[in-house]
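2 protein chains.
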Amino acid sequence: MATIKDVAKLAGVAVSTASYALNNSTRISAATKQRVEEAARTLNYKKNGIASDLKRTRTNTIALILSDLSGPYYSELIKGVQDVTTANGYDLIACSSIGGPQSTAVKFLREKRVDGAIILANNISDQITIESAQEGFPLVVLDRDIKNKNVYHVEVDNEHGGYIATEYLIHKGFRNIAYIGGPKDSNDNKKRFRGYLNALKEHNISAYSNLNSIGNFTREGGYKATKLLIARGELPEAIFYGNDEMAIGGLQAFKDHQITIPEDISVIGFDDIQLSEYVSPALTTIKQPKYEAGALAVDLIFQIIEGKQINEKYTLSTELVERNSVK
Amino acid sequence: MATIKDVAKLAGVAVSTASYALNNSTRISAATKQRVEEAARTLNYKKNGIASDLKRTRTNTIALILSDLSGPYYSELIKGVQDVTTANGYDLIACSSIGGPQSTAVKFLREKRVDGAIILANNISDQITIESAQEGFPLVVLDRDIKNKNVYHVEVDNEHGGYIATEYLIHKGFRNIAYIGGPKDSNDNKKRFRGYLNALKEHNISAYSNLNSIGNFTREGGYKATKLLIARGELPEAIFYGNDEMAIGGLQAFKDHQITIPEDISVIGFDDIQLSEYVSPALTTIKQPKYEAGALAVDLIFQIIEGKQINEKYTLSTELVERNSVK
DNA sequence: CTGTTAGCGCATTCAA
DNA sequence: TTGAATGCGCTAACAG
Numbered sequence: 001m002a003t004i005k006d007v008a009k010l011a012g013v014a015v016s017t018a019s020y021a022l023n024n025s026t027r028i029s030a031a032t033k034q035r036v037e038e039a040a041r042t043l044n045y046k047k048n049g050i051a052s053d054l055k056r057t058r059t060n061t062i063a064l065i066l067s068d069l070s071g072p073y074y075s076e077l078i079k080g081v082q083d084v085t086t087a088n089g090y091d092l093i094a095c096s097s098i099g100g101p102q103s104t105a106v107k108f109l110r111e112k113r114v115d116g117a118i119i120l121a122n123n124i125s126d127q128i129t130i131e132s133a134q135e136g137f138p139l140v141v142l143d144r145d146i147k148n149k150n151v152y153h154v155e156v157d158n159e160h161g162g163y164i165a166t167e168y169l170i171h172k173g174f175r176n177i178a179y180i181g182g183p184k185d186s187n188d189n190k191k192r193f194r195g196y197l198n199a200l201k202e203h204n205i206s207a208y209s210n211l212n213s214i215g216n217f218t219r220e221g222g223y224k225a226t227k228l229l230i231a232r233g234e235l236p237e238a239i240f241y242g243n244d245e246m247a248i249g250g251l252q253a254f255k256d257h258q259i260t261i262p263e264d265i266s267v268i269g270f271d272d273i274q275l276s277e278y279v280s281p282a283l284t285t286i287k288q289p290k291y292e293a294g295a296l297a298v299d300l301i302f303q304i305i306e307g308k309q310i311n312e313k314y315t316l317s318t319e320l321v322e323r324n325s326v327k
Numbered sequence: 001m002a003t004i005k006d007v008a009k010l011a012g013v014a015v016s017t018a019s020y021a022l023n024n025s026t027r028i029s030a031a032t033k034q035r036v037e038e039a040a041r042t043l044n045y046k047k048n049g050i051a052s053d054l055k056r057t058r059t060n061t062i063a064l065i066l067s068d069l070s071g072p073y074y075s076e077l078i079k080g081v082q083d084v085t086t087a088n089g090y091d092l093i094a095c096s097s098i099g100g101p102q103s104t105a106v107k108f109l110r111e112k113r114v115d116g117a118i119i120l121a122n123n124i125s126d127q128i129t130i131e132s133a134q135e136g137f138p139l140v141v142l143d144r145d146i147k148n149k150n151v152y153h154v155e156v157d158n159e160h161g162g163y164i165a166t167e168y169l170i171h172k173g174f175r176n177i178a179y180i181g182g183p184k185d186s187n188d189n190k191k192r193f194r195g196y197l198n199a200l201k202e203h204n205i206s207a208y209s210n211l212n213s214i215g216n217f218t219r220e221g222g223y224k225a226t227k228l229l230i231a232r233g234e235l236p237e238a239i240f241y242g243n244d245e246m247a248i249g250g251l252q253a254f255k256d257h258q259i260t261i262p263e264d265i266s267v268i269g270f271d272d273i274q275l276s277e278y279v280s281p282a283l284t285t286i287k288q289p290k291y292e293a294g295a296l297a298v299d300l301i302f303q304i305i306e307g308k309q310i311n312e313k314y315t316l317s318t319e320l321v322e323r324n325s326v327k
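Line by line, the protein sequences are chains A and B. For the first sequence, the positions run 1 to 327 when full-length UniProt numbering is used. For the second sequence, the positions run 1 to 327 when full-length UniProt numbering is used.
Structure (structure tokens):
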């Protein structure tokens with residue numbers, strides 16, 4: 001494996017000259033540059049990026065920590081991250097936090113292998129996040145609240161989203177509205193539920209018997225929770241599912257029982273995942289500004305890298321998407 | 001930022017001792033080890049992974065090169081890659097090849113930042129792939145044929161897949177079968193088309209007027225190609241779309257024109273993406289063994305790293321998934 | 001415009 | 001069991 005030394009030797013110049021030539025420094029004459037490039041080509045020289053990074057004490061890359069590289073896929077959000085990173089001339093790598101402390105994600109978080117990181121991974125502990133955050137290593141968290149120096153936070157307004165979902169159902173004339181929620185320890189879920197309660201309270205409507213923290217944010221969870229609801233025999237007029245996956249599971253359960261949506265019962269979800277447009281009926285839901293969240297997250301990283309002072313928390317707003325699952 | 005020197009100083013030992021202690025060498029007494037670990041903790045020491053990698057001349061990580069981190073999402077394939085990588089104690093990072101020669105992917109491919117790479121990115125040129133392949137840097141390509149030393153190749157049998165798709169339609173009694181294809185320069189597309197032609201020829205059926213390389217493998221491309229077909233006025237009895245995305249676009253176009261599937265015309269796709277199960281009607285398609293392909297790809301990397309001799313090409317077979325889009 | 005040289009932070013060899 | 005010394009490959013300050 002040829003190193004820059006070999007290239008320099010073959011070109012008959014000093015190592016530094018070779019380095020300058022290869023890195024497009026202006027201080028090198030065209031002739032020398034040519035010679036060095038030619039030498040590099042004949043030796044099939046490839047620079048060792050690791051050595052380069054070590055020397056410069058920066059990597060020019062940002063890590064995106066995901067709970068699982070194989071999905072669930074926050075496509076829009078990643079697009080936002082990707083676009084802004086590229087626009088700033090940085091590189092982006094994605095890694096998974098499967099495996100907890102042994103995971104690739106933790107390795108990258110801990111070992112200064114990147115210049116900053118964005119975390120969108122519920123399976124990474126707050127502790128690891130806090131331990132990794134340091135002066136000069138900006139960390140932006142997207143899916144939780146962490147109060148800690150050097151940890152910044154972008155979130156969508158889940159509470160208000162829960163509020164407008166419920167408000168919408170109330171405006172449609174429903175009074176008996178159930179909330180089928182996700183995991184108890186999910187921050188997003190808590191906030192959506194709170195929004196739901198607030199909207200009800202504002203209209204002096206009492207909440208439907210609690211089905212929070214039963215659906216687990218999965219399609220299957222939504223299916224089972226809905227089956228349970230049906231088995232109880234007292235269906236509400238409308239259901240607000242904590243996320244679209246659960247709502248889609250619910251749609252399936254209703255279909256199994258010949259209950260038609262939205263004629264018999266109205267359904268609203270949360271997230272606006274791609275699938276929600278394709279299920280039948282198309283799912284009315286709350287859309288999150290995912291692209292913007294991703295873009296903002298990286299933008300914050302760059303601001304911190306540039307030494308600017310920024311807030312430790314940013315909140316983006318949600319929006320109703322009307323489709324066909326509410327009567 | 002504390003380095004290992006600082007830790008050693010605080011613990012009152014030599015740097016090497018600190019290194020051994022931190023890396024669980026047996027040659028360090030328990031007492032010393034404790035002292036070093038404590039020092040590391042109080043200084044909030046984090047090792048510099050880059051320096052470590054440079055010294056050891058290996059990174060213990062594999063790169064997965066994708067055309068775009070934000071999808072299209074080869075979920076199953078990535079899962080295969082991920083599982084096997086983790087099982088071998090290696091780390092996995094994903095990076096995108098958007099931006100061509102300036103992309104993160106190329107940087108990782110060229111600069112020895114990883115111990116091996118798997119390429120699933122149509123937007124990376126053969127030339128870059130070939131240039132990057134070297135002794136000691138195994139490269140596995142998943143979406144094209146490259147004949148070159150040190151480049152290995154895992155593919156699904158697209159030709160046979162195209163064959164069984166067409167064969168299936170013929171068996172259902174159709175004679176007038178169109179193929180709507182993807183990009184002209186796509187290897188997968190070429191092979192699927194060839195399989196289509198072979199099946200027709202075997203039954204002495206002539207091909208429908210060529211619509212190959214019109215659909216671009218995108219939903220929108222499939223939509224437009226189908227619109228064109230409809231505008232022509234002479235609909236075939238059945239259509240074989242080069243991939244599911246295009247087929248789904250086609251379904252939409254037919255819906256726009258009140259043409260019902262499969263009553264009026266039969267449709268078959270290729271890939272078995274997640275969505276194909278949810279569209280209406282559910283899409284009959286050809287399933288690729290994606291998980292296996294991903295798993296095999298990494299497995300090959302490890303075999304090469306271990307110095308074993310392997311074939312330069314592996315082919316996996318496809319399978320028909322019957323749903324409701326063929327009459 | 002080009003060459004000499006000192007580290008970047010760490011792991012590891014060799015002596016003690 | 002520990003410590004001193006070396007160098008992984010590269011960049012950049014400095015000198016010429």
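Just so it is clear, CB atoms sit at the ideal spot from N, CA and C, and this is done for glycine as well.
With a threshold of 16 other CB atoms inside 10 Å of the CB of residue i, please say whether the residue is buried or exposed.
i: Arg56 of chain A; result: exposed
i: Arg41 of chain A; result: exposed
i: Asp145 of chain A; result: exposed
i: Gly307 of chain A; result: exposed
i: Gly294 of chain B; result: buried
i: Lys255 of chain B; result: exposed
i: Gly195 of chain A; result: buried
i: Lys149 of chain A; result: exposed
i: Thr260 of chain B; result: exposed
Three-state secondary structure (DSSP) at residue i?
i: Thr57 of chain A; result: coil
i: Ile273 of chain B; result: coil
i: residue 391 of chain B; result: For residue 391 of chain B there is no data in the structure shown, the boundaries of chain B being 1 and 327.
i: Gln288 of chain B; result: coil
i: Thr315 of chain A; result: strand
i: Ala121 of chain B; result: coil
i: Gly89 of chain B; result: coil
i: His153 of chain A; result: strand
i: Phe174 of chain A; result: coil
i: Ile180 of chain B; result: strand
i: Gln134 of chain B; result: strand
i: Ser266 of chain A; result: strand
i: Val321 of chain B; result: strand
So residue i and residue j are in contact, right, with Cβ under 8 Å, and what is the actual spacing, rounded?
i: Lys46 of chain A; j: Glu111 of chain B; result: 6 Å
i: Leu54 of chain B; j: Asp6 of chain B; result: At roughly 20 Å, the Cβ-Cβ gap does not stay under 8 Å, so Leu54 of chain B and Asp6 of chain B are not in contact.
i: Ser209 of chain A; j: Leu200 of chain A; result: Ser209 of chain A to Leu200 of chain A, Cβ: 13 Å. No contact.
i: Gly173 of chain B; j: Glu220 of chain B; result: Contact flag wrong, Cβ pair sits at about 31 Å.
i: Val15 of chain A; j: Ile4 of chain A; result: 6 Å
i: Leu211 of chain A; j: Leu229 of chain A; result: 7 Å
i: Val86 of chain A; j: Ser96 of chain A; result: The sequence given here has Thr at residue 86 of chain A, not Val. Contact doesn't hold; Cβ gap of about 21 Å is too wide.
i: Ile239 of chain A; j: Val267 of chain A; result: 5 Å
Can you check which of these residues, the options, is closest to residue i by C-alpha distance?
i: Phe270 of chain A; options: A:Ala87, A:Arg192 and A:Ile214; result: A:Arg192
i: Gln102 of chain A; options: B:Gln102, B:Leu109 and B:Leu92; result: B:Leu92
i: Ile177 of chain B; options: B:Tyr163, B:Glu159 and B:Pro183; result: B:Tyr163
i: Leu139 of chain B; options: B:Phe302, B:Leu10, B:Asn324 and B:Ser317; result: B:Phe302
i: Gly136 of chain A; options: A:Lys147, A:Ala117, A:Val154 and A:Asp126; result: A:Ala117
i: Lys190 of chain A; options: A:Asn216, A:Glu202, A:His171 and A:Thr284; result: A:Asn216
i: Glu234 of chain A; options: A:Gly242, A:Ile286, A:Asp264 and A:Gly222; result: A:Asp264
i: Leu66 of chain A; options: A:Leu120, A:Lys327, A:Val279 and A:Tyr74; result: A:Leu120
i: Arg113 of chain B; options: B:Asn60, B:Glu167, B:Asp185 and B:Ile78; result: B:Asn60
i: Pro183 of chain A; options: A:Asn148, A:His203, A:Glu155 and A:Gly222; result: A:Gly222
i: Lys287 of chain B; options: B:Thr260, B:Val267, B:Thr318 and B:Ile28; result: B:Thr318
i: residue 329 of chain A; options: A:Ala225, A:Thr226, A:Asp126 and A:Thr166; result: Outside the displayed range of chain A (1 to 327) lies residue 329 of chain A, so it cannot be described from this structure.
i: Leu320 of chain B; options: B:Ile305, B:Ala297 and B:Pro289; result: B:Pro289
i: Gly80 of chain B; options: B:Leu296, B:Leu316 and B:Ala94; result: B:Leu296
i: Ile33 of chain A; options: A:Ala21, A:Ala39, A:Asp244 and A:Arg27; result: According to the sequence displayed, residue 33 of chain A carries Lys and not Ile. Nearest C-alpha to Lys33 of chain A: A:Ala21.
Tell me whether residue i, by its Cβ, gets closer than 6 Å to a heavy atom of the ligand FMN.
i: Ser209 of chain A; result: Absence of the ligand FMN from the depicted structure is noted, as is the absence of any ligand whatsoever, leaving it without description.
Self-check item: Interface residues of the segment 80-93 of chain A facing chain B [CB-CB below 7 Å]
Solution: Gln82, Thr86, Asp91, Leu92 and Ile93
Quiz prompt | Interface positions of the UniProt domain "HTH lacI-type" (2-56) of chain A facing chain B (Cβ-Cβ less than 8 Å), listed along the chain | solution = Asn44, Lys46, Lys47, Asn48, Gly49, Ile50, Ala51, Ser52, Asp53 and Leu54
Quiz prompt | chain A contacts from the segment 120-138 of chain B (Cβ-Cβ distance under 7 Å) | solution = none
Quiz item: Got a sec: which bits of the segment 270-288 of chain B sit with their beta carbon under 7 Å from any beta carbon on chain A, in order along the chain?
Solution: Leu275, Tyr278, Val279 and Ser280
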